[in-house]
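Engineer: Each position in the sequence shown, counted from 1, maps to that position plus 6 in this note's numbering.
Got a structure for you, questions after.
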Amino acid sequence: MVQKLSGREDLAALLDKYDNWLFDCDGVLWHGNKLLPGIAEAMKLLRSKGKRVIFVTNNSSISRAKYTQKFDKLGIEATEDEIFSSAYAAAVYLRKVVNFPQDKKVYIIGQSGIEDELRAYGIDYAGAGADNENMKEQDFDSITSDPSVGAVLCGIDWHINYKKLAKAYTYLIENEGCMFLLTNDDSTFPSHGRLFPGAGAISAPLTTALGRKPDAIMGKPNHTMLDCIVAQYELDLSKSLMVGDRLDTDIDFGNRGGMDTLCVLTGVSKESEFTAPDAPIKPTMYMQSFGELTLDREISHSTILGWLMNVQVGQAVPLLGGSVDWEDSVVSVGACEQPRKDTNKEKRDRDNKEKDDQPSLIPKGFENFFGKNKGAQSKSKNSAEGGSENNKSSSGIPKPPHDPKNGPTEIRMNLNAQTLLTAAFASYLLWKMASPAENARELTWQDFRNTFLDKGLVEKLVVVNRSRVRVHLRPEAANMPGGGGYVTYYFSIGSVDAFERKIDEAQRELGIPSNERIPVAYHDEVSVMNTLFQFAPTLLLMGALFYITRRAGAGGGSQGIFGVGKSKAKMFNQETDVKVKFKDVAGADEAKEEIMEFVKFLKDPGAYEKLGAKIPKGAILSGPPGTGKTLLAKATAGEAGVPFLSVSGSEFVEMFVGVGPSRVRDLFATAKKHAPCIIFVDEIDAIGKARGKGGQFGGNDERESTLNQLLVEMDGFGTTEHVVVLAGTNRPDVLDPALMRPGRFDRHIAIDRPDIKGRAQIFKVHLKPIKTNVNLETLANKLAALTPGFSGADIHNVCNEAALIAARHHKDEVFGEHFEMAIERVIAGLEKKSRVLSPEEKKTVAYHEAGHAVCGWFLEHTDPLLKVSIIPRGIGALGYAQYLPKDQYLYSTQQFLDRMCMTLGGRVSEQIFFNTITTGAQDDLQKVTKMAYAQVSTYGMNANVGPLSYHNPNDEPQYQKPYSEQTAQMIDHEARDIISQAYKRTLALLTEKKDDVEKVAKLLLDKEVLNREDMIHLLGNRPFVEKTVYDEYVKPKETITPPPFPVDEPPNEDRPM
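Right, here's the structure in full:
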């Protein structure tokens, strides 16, 4: 007979009997990623009793280290040593049981969890993720016997394919002594409350094809795992309990090992499967859920009262369920036992101290690349070494244990009206829930009549709320069997009329005179709890509205939702935490000088006003994204020494009509109160678009009203108010002319991408926190030359990527090659190691890139070649050539022609050597087309069209072109003619240099990456006198080519095939 556990006595006996508790996980502790009710409390209870907990799982898909992350996420304490998975069992079996040879490796069919566990034991392996690709016909020849494979380990594999099965079969057939191991042979496994094919389904094809059984199976219910567990933990199986939800694995595993077993009904198995007399597998006992171990326990009134009495000003209060021991909390009213001594306290204190000593503010693996954490918090004075006295509050209540992740599980309360009200309401609710709802027992009408009415024991009846009748008995009824302790009974009625007829009829049958009949009273009662629950939805809705209005008020004033018209601008001054100064802004010296003039005026206006000068009303900071407009504004806030109001342009426009103008008025009213003052409006194009260009088709545009109010406010300033408006945008062309005129934004400060000197200055700023032994001056100059066209944000990204790459390679500092790899990573994208080209495709790419390289080498006005590669990178680039352009602002017709020829070199090379063309030149053709149209329609470089310019600055779609259809046809014809001429010129050049193209292509196929020295060795020096920007800036007295990049690094000018 299988014992069913229910009631406190059974659970207490369970806790007393077993010292070692072995748990299955999914179905016992959680379903998928959802923890089952009461499990966290049950685990805490076991640990507080000093029980050893071991989590035994057949899961081999993740390692034990990653498994602990799931435990932490679900709020269960678990260390890596307490988790015993089938993958870990395999590693222990190979290394400690069979002494697997060091020169052999294991072929894996499975997930990364097996790889991690084998790696931790120093066991070499192959397969797994490396063979995730599907089998191809040509792969049959490559599958041969590998004598170094000494074992095949098969587990659950999300990427199972024929290639893995074929390799495993080959090794097991051809390698003498090759072991065949399984993590487990479960045909199914549970996940997210459902069953899916298990590891046994993965290994079934192998066992069928081989005609042999596995040499060992690691998972439950097989004895291999149990032997490993007993050996590692030295368990006394007579005092061990296996808790699981599956009869065929968990329970069978425990039964085979001689342990008692507990089946929980929260997973796969059902009660009917083992309660039948002929059931093949039966647990020792079963229960509905393991969470019942603590859900049956209650919080005593004395515990609640003691908690509330300690709500004092500034006093730490232990959280219920944190430091309160559930076992000790079950006491009678008026008697409070002392907490039992925690036998694991010293161990927990040591663990907490070790965790506290670890740094928490720097990501793991990056400690060597940034300075020491000077601002780390000091250790708590009340450490674990202080003994029991330090672990008590002034009231003698034990403090909760320190949680190294979440801090101490305690709260601090300040005594005020809101705290008192909340505490009183919470205590009342807890009292109502902890105490019986009412000392009453429900009866049926027949029970009421037979038990009480017919025997004359009813004193009176009270009809409550016209729905039930409360029975008041005579005193002598208390002595009746079954009636003791219950003074009041009740029964439900359908209607008052029917009840009155039935009670009159019953008393008439009993012969009770009318003057002696039982009195009936009618009461309407209101239950506080029922009323509370009735109004709970309304109260929750009102609370949510109140919370929303308070949150809305946080940005727009204390009026909450009624203050939507208030400005959301944030005010900064010299006392705030804005630490950016002008010295932190590099690469924009001219813009910085103009901004500093505003700051000087506001700090000392008298020096300017005595000469009759007036401060400009405002300035527009315009430029491409990432050039430092907002950073310059932050530096102004840090240096100004006057109030600084910062607001985003999008914050003026809301769903309510009139909010935008109202916020503009409020912003300027606040600025006038704090004059002298600076206002900064970021992304002003959100409200400052030219009227008629905003894309609105209504009669009342909220954005336009906001713009009108802004115009009025800026033009209405008095000259002595000393309020300056700065605004940032990367779209100055769409701003309204009325906003840009003098008197509003007097100065237009353009912040363009920095030149080579500016880039060097920016690199010096961002290199300061990077740990490197390379000379920063030399490194900054070199990187500036290698990054033409980079903005400040791009440069910051390069420095950060360099640190990431160094950490990825486990270096103690960042070297020069890491920065070069970062440049290539930022521009060209990540190297696509998984993208394997066929030999034909690789040859086509090599000749394509060779055509580009040779054209650029023999054309005078092209940029110097730095590197050419046929390694796929980024999203679509199968190859690329990297050049070193100089900062150039003017281009001639001949320069355009040479660049077009170089760009067409890849397509022409394909035509010459393969007599066909491919789609690889798509990006090249787009660039050539753009250059041709720019010459004809923008720069006026075509004789037939003439010196006309139809410039479209942002390449926006034009619904009405500024020229006729005849002119459009002429532009198309001339652009096509220019491209045709460039194509013919390129064809003639590469036909002449055909041998050179072939030499470059063959070396590319051999090395995959060629640098400048390789090109000089193949083709000789370029036939033109050249001096690169790199030579001029980095080596001003030498003519030296830059060092080659490593294979996986970024180009400056990505021209993908």
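The C-beta atom is built at its ideal place from N, Cα and C for all residues, glycine as well.
1) Using a Cβ-Cβ cutoff of less than 7 Å, which residues in the same chain neighbour Phe296 once the five nearest sequence positions on both sides are dropped?
2) How big is the Cα-Cα spacing for Glu1066 and Gln894?
3) On the criterion of 16 or more Cβ atoms from any shown chain inside 10 Å, does Pro481 qualify as buried, or is it exposed?
4) Just to confirm, are Ile162 and Gly128 a CB contact at a threshold of 8 Å?
5) What does the alpha-carbon distance come out to for the pair Ala790 and Pro953?
6) Return the Cβ separation of Ile621 and Val730 in integer angstroms, given the expectation that the two are a contact with Cβ distance under 8 Å.
7) Pick out whichever of Ala96, Leu890 and Ile757 has its Cα sitting closest to the Cα of Glu596.
8) Could you tell me which whole alpha helix (DSSP H) segments of length 4 or greater appear in the stretch 943-1029?
9) For Ile801 and Met908, what's the separation of their Cα atoms in angstroms?
10) The alpha helix (DSSP H) spanning Glu47 covers which residue range?
11) Going straight from the alpha carbon of His680 to that of Ala643, what length do you get?
12) Leu836 by DSSP, collapsed to three states: which one?
13) For the alpha helix (DSSP H) holding Gln932, just list the boundary residues, first then last.
14) For the beta strand (DSSP E) containing Lys888, list its first residue and its last residue.
15) How many angstroms separate the CA atom of Gln900 from the CA atom of Met906?
16) What first and last residue would you give for the alpha helix (DSSP H) that runs through Thr899?
17) If you drop the 5 nearest sequence neighbours on each side, which residues of the same chain put their C-beta closer than 6 Å to that of Gln702?
18) With distance defined between alpha-carbon atoms, name the residue in Asn140, Glu830, Thr793 and Glu783 nearest to Glu807.
19) What are the start and end residues of the alpha helix (DSSP H) that includes Val34?
20) Taking DSSP as the reference, what is the three-state secondary structure of Asp22?
21) From the DSSP output, in three-state form, read off Gly563 for me.
22) Runs of 3 residues minimum, wholly inside the stretch 739-804: which ones carry the beta strand (DSSP E) assignment?
23) Is Ser12 helix, strand or coil by DSSP?
24) Can you tell which of Lys774, Thr868 and Gly593 has the C-alpha that lies nearest to the C-alpha of Lys763?
25) How big is the Cα-Cα spacing for Leu545 and Ala432?
26) Can the beta-carbon of Leu931 be found less than 8 Å from the beta-carbon of Ala988?
27) Taking the C-alpha atoms as reference points, what is the distance between Lys380 and Pro775?
28) Going by DSSP, what residue range makes up the beta strand (DSSP E) through Gly250?
29) For Lys378, count neighbouring C-beta atoms within 10 Å of its own C-beta (all shown protein chains included) and say buried if the count is 16 or more, exposed if not.
30) Look at the alpha carbon of Asn948 and the alpha carbon of Glu657, and state the distance between them as a whole number of angstroms.
31) When we look at the beta-carbon of Ile189 and count the other beta-carbons within 10 Å, is it buried (16 or more) or exposed?
32) Below 8 Å between beta carbons: does that hold for Ile287 and Asp258?
33) Could you check what DSSP says for Asn379 in three-state terms: helix, strand or coil?
34) Below 8 Å on the Cβ atoms is my contact criterion, and I expect Thr784 with Arg765 to pass it. Report the Cβ-Cβ distance as a whole number of Å.
35) Between which two residues does the beta strand (DSSP E) containing Lys57 stretch?
36) Could you pull the DSSP bridge partners for Lys873 from this structure?
Structural biologist: Once the coordinates are examined:
1) Val34, Ile45, Ala48, Val249 and Val270
2) Any property of residue 1066 remains undetermined from this structure, which presents the chain solely from 7 to 1063.
3) Here Pro481 is exposed, its C-beta having fewer than 16 other C-beta atoms within 10 Å.
4) no
5) 37 Å
6) 7 Å
7) For the residues Ala96, Leu890 and Ile757, the minimum Cα distance to Glu596 belongs to Ile757.
8) 971-998, 1000-1013 and 1018-1025
9) Rounded to whole angstroms, the separation of the alpha carbons of Met908 and Ile801 is 28 Å.
10) Ile45 to Ser54
11) 14 Å
12) Coil, per DSSP.
13) Gln928 to Tyr939
14) It should be pointed out that residue 888 corresponds to Gln in this sequence rather than to Lys. Note, Gln888: beta strand (DSSP E), Tyr886 to Tyr889.
15) 10 Å
16) Thr899 to Phe920
17) Residue confidence for Gln702 is low, a pLDDT of 49 falling below 50, so the modelled location carries little weight; the figure read from the coordinates is stated next. The answer is none, since no qualifying residue turns up.
18) Glu830
19) Element bounds for Val34: n/a, residue is neither H nor E.
20) In the structure shown, Asp22 sits in a helix (DSSP, three-state: H, G or I).
21) Note on Gly563: pLDDT 45, under 50, position unreliable in the model; no value is reported.
22) 753-756
23) coil
24) Gly593
25) 16 Å
26) no
27) Residue confidence is low: Lys380 scores 40 on pLDDT, short of 50, so the model does not pin down where it sits. No coordinate-derived value is stated.
28) Ser246 to Gly250
29) Note that Lys378 scores a pLDDT of 42, beneath 50, so its modelled location is shaky and nothing firm can be said.
30) 48 Å
31) Reading off the sequence shown, one finds Thr at residue 189, where the question assumed Ile. Classification for Thr189: buried.
32) yes
33) The predicted model places Asn379 with a pLDDT of 42, which falls under 50 and marks its position as unreliable, so this point remains unresolved.
34) With a beta-carbon spacing of about 14 Å, Thr784 and Arg765 fall beyond the 8 Å limit used to define contacts.
35) That residue, Lys57, is in no beta strand (DSSP E); it is neither H nor E in DSSP.
36) Gln888 and Asn1017
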